[in-house]
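> Dropping a structure here in structure tokens format, bear with me for questions.
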Amino acid sequence: MKIYNTLSRRKEEFVPLEPGKVRMYVCGPTVYNLIHIGNARPMIFFDTVRRYFEYKNYQVNYVSNFTDVDDKIIKKAVEEGVDSSEISERYIAECRKDMEGMNIMPATTTPLATQEIDGMIQMISTLIEKGFAYEVNGTVYYRVRKFKDYGKLSGKNLDDLRSGNRTLLVTGEDQKEDPMDFVLWKPKKEGEPYWESPWGNGRPGWHIECSVMSKKYLGEQIDIHGGGEDLIFPHHENEIAQSEAASGVEFSNYWMHNAFFNIDNKKMSKSLGNFFTVRDISEKYDLQVLRFFMLSAHYRSPLNFSSDLMEAAKNGLDRIVTAVCRVEELEAKAPEGTMSAEDKAAVDALVQKYEAAMDDDFNTADAIAALFELVKLANTTVSEESSRECVAYFAEKMQLLCQILGIVTEVKEEMLDEEIEKLIEERQAARKAKDFARADEIRDLLASRGILLKDTREGVKWSKA
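Using numbering that gives the first Met the number 0, the first residue of the sequence shown is number 0, and each one after it goes up by one.
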């Protein structure tokens, strides 16, 4: 199995630290709002990586955090006049709903930054003792130039970065020894959450959080660290600097990063009006379609989102699910008999083609192409006359390859019109009573069953996706 390592900038044979085991850390979302489709790409991809490792009989320890203390969370809490923990807890719950809709398996451990403050204080203290960090008026900075390998992940040069940095070292305004030094601990501000530390009351910087959570749940050295390519610098570069300075050993053997996500060939942004949450997508499509769409391109290729491409993904997914359901139906009534060596060899060749694609840096696009070939073979080979052994073999392999990609092949039961109307009435009553949580819950339930709602002057209209 080969993995493209961002650190070495080439594909490398995967050799785990411990035979048969994989330790993998993936940076999770900052929970101040509903997750957007850019957040969904690493979630879906690394879930698929985990599934494939398990298919290959590896024991995977998969850690993905929630950043639940951050400037954006605090800002939202101030706007709503609530405690910041109320914001983070709300959006962690909403994120879990979306992840379930995308069929993302729960991580082995999902730590919260706020529950790991003691470990952060310990690591910062170690960095100060070793001369890699210093404290000024309650703020602790990391001394970037002290770490000789700084820039090895991103390829950035410190002198180039400094020459491009317009920040002036003004006494009382900037206390850093060097403009490139970054914050490990910041003093509290009025109305913000804080924790006690040797440097005064305050809270941790973002970068130290992941270093500490990775170390606690996976050890000082891990096999794979992943995330979106926007995290390479400064986040992952700073994680390396912190972790390796503290431990004295290499932090992660393989660094994996998925490429950016565009909307109609433009960068997604609220200012352009092309910003979509996963919840927005769920109102029009089953989130299985979003998952299938995300995996239809290689993870290191930029992915463009558009209505046409989503429709194509929906049609492709329908073809696969329909084929699997047809074979399962035939299996129930197939006559006894054996499978021909020729048919078995044809299926096995496509399974091997699928595995070869996944072994080559998790090329899900080519794996899906092999799955489509298997669907085509099933459609032309399996019939009512096919033996039970033949039909069962096709069914088993198709389901297995779908399962690795996280594709759910069970067809959801059609809802009766009366059931839909009754739920819409209940939703309207909930909205009238200002029970918006229940109203959203009903809308999400209907969306998951392929029922789209549209509020009009004449009332709520519904249609099947």
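Where is the CB? At the ideal position from N, CA and C, for every residue including glycine.
If Ala369 and Tyr353 are in contact, beta carbons under 8 Å, what's the gap, nearest whole angstrom?
Position 370 of the sequence shown, counted from the start, is the residue given in the question as residue 369. Position 354 of the sequence shown, counted from the start, is the residue given in the question as residue 353. Ala369 to Tyr353, Cβ: 4 Å. Contact.
> Alpha carbons only, please: which of Gly19, Ser210 and Tyr149 is nearest the one belonging to Leu111?
Walking along the sequence shown from the start, residue 111 turns up at place 112. Ranking Gly19, Ser210 and Tyr149 by Cα distance to Leu111 puts Ser210 first.
> For Asn32, tell me which candidate among Ser153, Asn4, Asn200 and Asp67 has the shortest Cα-Cα distance.
Taking the sequence shown and counting its residues from 1, the one referred to as residue 32 is at position 33. Checking every option, the nearest Cα to that of Asn32 belongs to Asp67.
> Hey, how far is the Cα of Glu330 from the Cα of Val390?
Here residue 330 refers to the residue found at position 331 when the sequence shown is read from its first residue. Here residue 390 refers to the residue found at position 391 when the sequence shown is read from its first residue. Glu330 and Val390: Cα-Cα distance of roughly 5 Å.
> Taking all protein chains shown into account, decide if Ala312 is buried (16 or more other Cβ within 10 angstroms of its Cβ) or exposed.
Sequence index remark: in the sequence shown, residue 312 carries index 313 (1-based). It is buried - the Cβ of Ala312 has at least 16 other Cβ atoms within 10 Å.
> Helix, strand or coil: how does DSSP classify Thr5 here?
On the sequence shown, position 6 is the one that residue 5 refers to. In the structure shown, Thr5 falls within a coil segment according to DSSP collapsed to helix, strand and coil.
> Among Val25, Pro18, His256 and Cys94, which residue has its Cα nearest to the Cα of His35?
Taking the first residue of the sequence shown as position 1, residue 35 is located at position 36. Residue Cys94 is the option with its Cα nearest to His35.
> For a minimum of 3 consecutive residues, which ranges assigned as the beta strand (DSSP E) are wholly contained in the segment 290–346?
302–304
> To the nearest angstrom, how far is the alpha carbon of Ile223 from that of Lys421?
The residue you call residue 223 lines up with position 224 of the sequence shown. The residue you call residue 421 lines up with position 422 of the sequence shown. Between the alpha carbons of Ile223 and Lys421 lies a distance of about 49 Å.
> For Lys96 and Gly227, I'd like the C-alpha separation in whole angstroms.
Here residue 96 corresponds to residue number 97 of the sequence shown, with the count starting at 1. Here residue 227 corresponds to residue number 228 of the sequence shown, with the count starting at 1. The alpha-carbon atoms of Lys96 and Gly227 are separated by roughly 21 Å.
> What residues in its chain sit with their C-beta under 7 Å from that of Gly171, if we drop five residues either side in the sequence?
Numbered from its first residue, the sequence shown carries residue 171 at position 172. Low local confidence applies: a pLDDT of 41 at Gly171 is under 50, so the model's placement there is unreliable, and no value is given.
> Which residues in the same chain have their Cβ closer than 7 Å to the Cβ of Arg144, if we skip the five residues on either side of it in sequence?
Working through the sequence shown from its first residue, we reach residue 144 at position 145. For Arg144, where only same-chain residues beyond five positions count, the Cβ hits under 7 Å are Leu157 and Asp177.
> Less than 8 Å between the beta carbons of Thr47 and Met255, yes or no?
As a first step, residue 47 must be located in the sequence shown, where it is residue number 48. As a first step, residue 255 must be located in the sequence shown, where it is residue number 256. Against a cut-off of 8 Å, the Cβ pair of Met255 and Thr47 comes out as no contact.
> Which runs of the alpha helix (DSSP H) spanning at least 4 residues fall entirely within the segment 42–103, listed in chain order?
70–79 and 83–100
> Please classify Gln287 as buried or exposed, where buried requires at least 16 other C-beta atoms within 10 Å of its C-beta.
Taking the sequence shown and counting its residues from 1, the one referred to as residue 287 is at position 288. With a threshold of 16 other beta carbon atoms within 10 Å, Gln287 meets it and is buried.
> Quick one: is Lys460 buried, meaning 16 or more other Cβ sit within 10 Å of its Cβ, or exposed?
Along the sequence shown, one-based indexing puts residue 460 at 461. Lys460 should be labelled exposed.
> If you run the structure through DSSP and keep just helix, strand and coil, what is Tyr216?
Along the sequence shown, read from residue 1 onward, the residue named residue 216 stands at position 217. Correct three-state label for Tyr216: helix.
> Does the pairing of the segment 440–459 with the segment 276–295 give three or more beta-carbon distances under 8 Å?
yes
> Verify whether the separation of the beta carbon atoms of Ile221 and Ser251 is less than 8 Å.
Position 222 of the sequence shown, counted from the first residue, corresponds to residue 221. Position 252 of the sequence shown, counted from the first residue, corresponds to residue 251. Yes, they are a contact pair.
> Would you kindly report the start and end of the unbroken beta strand (DSSP E) that includes Met23?
Numbered from 1 along the sequence shown, position 24 holds the residue referred to as residue 23. DSSP places Met23 in the uninterrupted beta strand (DSSP E) bounded by Lys20 to Val25.
> Can you list, in chain order, the residues of its chain whose CB lies under 7 Å from that of Phe292, leaving out five sequence neighbours each side?
If you number the sequence shown from 1, residue 292 lands on position 293. The answer, listed in chain order, is Leu308, Met309 and Ala312.
> Which same chain residues, not among the five before or five after Met122, have their C-beta less than 6 Å away from its C-beta?
Start at 1 with the first residue of the sequence shown, and residue 122 comes out as number 123. These residues qualify, in order along the chain: Val211 and Ala245.
> By the three-class DSSP mapping on this structure, what secondary structure does Tyr353 have?
Taking the first residue of the sequence shown as position 1, residue 353 is located at position 354. If DSSP states are grouped into helix, strand and coil, Tyr353 belongs with the helices.
> Assuming the contact rule is C-beta atoms closer than 8 Å, Gly527 and Arg50 should be a hit. Round their C-beta distance to whole Å, please.
In the structure displayed, the chain extends from 0 to 464; residue 527 sits before or after that span and is not available.
> Measure the alpha-carbon distance for Phe275 versus Met267 and round it to whole angstroms.
For this step, residue 275 is matched to residue 276 along the sequence shown. For this step, residue 267 is matched to residue 268 along the sequence shown. When rounded, the distance between both Cα atoms is 8 Å.
> Give, in chain order, every unbroken run of the alpha helix (DSSP H) that is at least 4 residues long and sits entirely within the segment 99–167.
116–128 and 157–162
> Report the residue from Glu328, Lys187 and Ser295 whose alpha carbon sits nearest the alpha carbon of Val139.
Within the sequence shown, numbered from 1, the residue matching residue 139 stands at position 140. Answer by Cα proximity: Lys187.
> If you count every other CB in all the chains shown that lies within 10 Å of the CB of Arg456, and 16 or more means buried, which is it?
As a first step, residue 456 must be located in the sequence shown, where it is residue number 457. Flag for Arg456 reads exposed.
> Thinking Met23 and Gly247 are a contact (beta carbons under 8 Å), I'd like their distance in whole angstroms, please.
On the sequence shown, residue 23 is found 24 positions in, with the first residue counted as 1. On the sequence shown, residue 247 is found 248 positions in, with the first residue counted as 1. With a Cβ gap of about 22 Å, Met23 and Gly247 do not count as contacting.
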